[in-house]
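Inspection log for the structure reproduced underneath, given as structure tokens.
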Amino acid sequence: MKAAVIVFPGSNCDMDMQHALQLAGMEVEFVRHTETSVAGFDLIALPGGFSYGDYLRSGAIARFAPVMESVKEQADKGTLVLGVCNGFQVLTEAGMLPGALKRNDGLKFICRPVALTVENEQTPFTSAYEQGETAVIPVAHGDGCYFADDETIAALKANRQIVFTYQSELNGSKEAIAGITNERGNVLGMMPHPERAVEALLGSSDGAPLFDAMIKHWREAHAPAT
Amino acid sequence: MKTVHVYVTLKEGVLNPEGSAIERSLHALGYEEVQKVQTGKWVSLQVEDGPELAQRVERMCEQLLANPVIEDYEIQLSDEVTT
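Those protein sequences? They're chains A and B, same order as listed. Under the working numbering, the final residue of the first sequence carries the number 252; numbering is consecutive throughout. Under the working numbering, the final residue of the second sequence carries the number 260; numbering is consecutive throughout.
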């Protein structure tokens, strides 16, 4: 399974992401924001960080990077896309996921492990978790308050697009949303950093099943005919 | 050239925690008459004048300067040009 990690100016979780993907058994290539094609990968990961200094709004400038056209095209073809933290912000700004991420209600940058509930285990990203399972994964964000209008929230619920929620109040997110998918289910955006929780040495390995699930999904899709 | 001022604010109904924090501080200073403090961004542009100026600035706001999911914007055009 081949994964691309997109590197914007100001991305800073790109190498953590590479490590987590490799640990799960993927081949990883970094793809710079200036590239115009990101074809030929099974997964495209948008890492955390502060792309373009978070100028204007988090992710607002990155969405116009040359590589993003191709990321959209590949997502439309069904390629898995994982956006973590700033990656999630870029995906909402790009219109690839509904809603927006705004300043945390408490105005503070929050950097600590938090308990999440796996709300939907039937996605290519979460099939290695149990429905309702608790996963402790760190967050590190100042702009992580998820907002969408009531109509959008109702649609997210109806389509089971809410994948992770915070177990206790964290940043003011509507419905305690920590991560959502697109309607098709092949694009996931989440504020917590699963790539920072893939080994017990890091304090938690609760992020590892997310990477294992993507590999599992790929294997099932590429299983030799019997 | 025209000078364009764009004011970007959070939509009504979207909580502005920064505004609330400022309001509380003003109350703490004794300015209890203050209500509904809002904050936002101001973007100033020098733009070559043209027949579609207003529409083009509007598109700039929709595409980049504001995020229509959470923000409103207000455009002011003027003839003054700063150097």
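Glycine included, C-beta positions come from ideal geometry on N, C-alpha and C.
Exercise. Going by DSSP, what residues sit across from A/Arg-138 in a beta bridge?
Worked result: Taking the first residue of the first sequence as position 1, residue 138 of chain A is located at position 112. DSSP output for A/Arg-138 lists A/Val-165 as bridge partner(s).
For this session: Measure from the C-beta of B/Ile-247 to each C-beta in chain A and report whether the shortest distance is under 8 angstroms.
Result: As a position in the second sequence, residue 247 of chain B is number 70, starting the count at 1. For B/Ile-247, the answer is yes, since a Cβ of chain A falls inside 8 angstroms of its Cβ.
Problem set entry | For A/Ala-247, the first and last residue of its enclosing alpha helix (DSSP H) | As a working note, residue 247 of chain A is residue 221 in the first sequence. Run containing A/Ala-247: 234 to 247, per the alpha helix (DSSP H) assignment.
For this session: Mind checking which residues open and close the alpha helix (DSSP H) that includes B/His-204?
Result: The residue labelled residue 204 of chain B in the question sits at position 27 within the second sequence. Run containing B/His-204: 194 to 205, per the alpha helix (DSSP H) assignment.
Exercise. From A/Glu-246, A/Ser-231, A/Phe-67, A/Leu-228, pick the residue whose C-alpha is nearest to that of A/Leu-108; which is it?
Worked result: The residue labelled residue 108 of chain A in the question sits at position 82 within the first sequence. Nearest C-alpha to A/Leu-108: A/Phe-67.
Problem set entry | Three or more C-beta pairs below 8 angstroms linking the segment 144 to 161 of chain A and the segment 176 to 185 of chain A | no
For this session: Report, in whole angstroms, the separation of the C-beta atoms of A/Leu-69 and A/Met-240, which I expect to be a contact under 8 angstroms.
Result: Numbered from 1 along the first sequence, position 43 holds the residue referred to as residue 69 of chain A. Numbered from 1 along the first sequence, position 214 holds the residue referred to as residue 240 of chain A. Their Cβ separation, rounded to whole angstroms, is 6 angstroms, which keeps A/Leu-69 and A/Met-240 in contact under 8 angstroms.
For this session: Can you tell me the Cβ-Cβ gap for A/Glu-145 and A/Phe-190, rounded? I've got them flagged as a contact below 8 angstroms.
Result: Against the first sequence, residue 145 of chain A aligns to sequence position 119. Against the first sequence, residue 190 of chain A aligns to sequence position 164. Between A/Phe-190 and A/Glu-145 the Cβ distance is about 6 angstroms, and since that is below 8 angstroms, they are a contact.
Problem set entry | Anticipated Cβ contact below 8 angstroms, A/Asn-112 with A/Ser-153, distance rounded | For the purposes of this step, residue 112 of chain A is identified with residue 86 of the first sequence, where counting begins at 1. For the purposes of this step, residue 153 of chain A is identified with residue 127 of the first sequence, where counting begins at 1. Contact flag wrong, Cβ pair sits at about 25 angstroms.
Exercise. In chain B, what lies closer than 7 angstroms to A/Asp-131 by C-beta?
Worked result: Counted from its first residue, the first sequence places residue 131 of chain A at position 105. Neighbours of A/Asp-131 on chain B, chain order: Leu-192, Pro-194.
Exercise. Under a CB-based cut-off of 8 angstroms, is B/Ala-231 close to chain A?
Worked result: Position 54 of the second sequence holds residue 231 of chain B. No, because no Cβ of chain A sits closer than 8 angstroms to the Cβ of B/Ala-231.
For this session: Would you kindly check if the distance between the Cβ of A/Gly-85 and the Cβ of A/Val-116 is under 8 angstroms?
Result: Residue 116 of chain A sits at position 90 when you count from the first residue of the first sequence. Residue 85 of chain A sits at position 59 when you count from the first residue of the first sequence. Going by C-beta atoms, A/Val-116 is nearer than 8 angstroms to A/Gly-85.
Problem set entry | Range covered by the alpha helix (DSSP H) that runs through A/Leu-182 | For the purposes of this step, residue 182 of chain A is taken as residue 156 along the first sequence, with counting starting at 1. Start and end: 176 to 184.
Exercise. By a C-beta neighbour count over all protein chains shown, 10 Å radius and 16 as the cutoff for buried, is A/Trp-244 buried or exposed?
Worked result: Looking up residue 244 of chain A in the first sequence gives position 218. Label assigned to A/Trp-244: buried.
Exercise. For the 8 angstroms Cβ check, are there 3 or more pairs between the segment 121 to 129 of chain A and the segment 207 to 216 of chain A?
Worked result: yes
For this session: Classify A/Pro-150 as buried or exposed, calling it buried when 16 or more other Cβ atoms lie within 10 Å of its own Cβ.
Result: As a working note, residue 150 of chain A is residue 124 in the first sequence. It counts as buried.
Exercise. For B/Ile-124, which of B/Val-185, B/Tyr-184, B/Glu-248, B/Thr-216 has the nearest alpha-carbon?
Worked result: A question about residue 124 of chain B goes unanswered here, because the residues of chain B that appear run from 178 up to 260.
Exercise. Which residues in the same chain have their Cβ closer than 7 angstroms to the Cβ of A/Asp-232, if we skip the five residues on either side of it in sequence?
Worked result: The residue labelled residue 232 of chain A in the question sits at position 206 within the first sequence. Once the five neighbours on either side are set aside, the close Cβ partners of A/Asp-232 are Ala-161, Val-162, Ile-163, Ala-223.
Exercise. When the Cα of B/Leu-187 is compared with those of B/Asp-256, B/Ile-252, B/Asn-244, which residue comes out closest?
Worked result: For the purposes of this step, residue 187 of chain B is identified with residue 10 of the second sequence, where counting begins at 1. Measuring from the Cα of B/Leu-187, the nearest candidate turns out to be B/Asn-244.
Exercise. Which value, in whole angstroms, describes the spacing of the CA atoms of B/Leu-254 and B/Ala-231?
Worked result: Position 77 of the second sequence, counted from the start, is the residue given in the question as residue 254 of chain B. Position 54 of the second sequence, counted from the start, is the residue given in the question as residue 231 of chain B. Looking at the two C-alpha atoms, the distance is approximately 8 angstroms.
Problem set entry | A/Lys-128 Cβ short of 7 angstroms to the ligand MG heavy atom set | Among the components of this structure there are no ligands whatsoever, and the ligand MG is therefore not found.
For this session: Please list the partners that A/Ala-126 has in chain B, where partner means a Cβ-to-Cβ separation under 7 angstroms.
Result: In the first sequence, counting from the first residue as 1, residue 126 of chain A sits at position 100. Within 7 angstroms Cβ-Cβ: Asn-244, Val-246, Ile-247.
Problem set entry | Within-8 angstroms CB hit, B/Leu-241 to chain A | The residue you call residue 241 of chain B lines up with position 64 of the second sequence. It does: the Cβ of B/Leu-241 has a partner Cβ on chain A nearer than 8 angstroms.
Problem set entry | Neighbour list for B/Ala-198 in chain A, Cβ cutoff strictly below 9 angstroms | Position 21 of the second sequence, counting from 1, holds the residue named residue 198 of chain B. Residues of chain A passing the Cβ test: Leu-133.
Exercise. Can you list, in chain order, the residues of its chain whose CB lies under 7 angstroms from that of B/Glu-257, leaving out five sequence neighbours each side?
Worked result: Locating residue 257 of chain B in the second sequence gives position 80, where the first residue counts as 1. Here the set comprises Thr-180.
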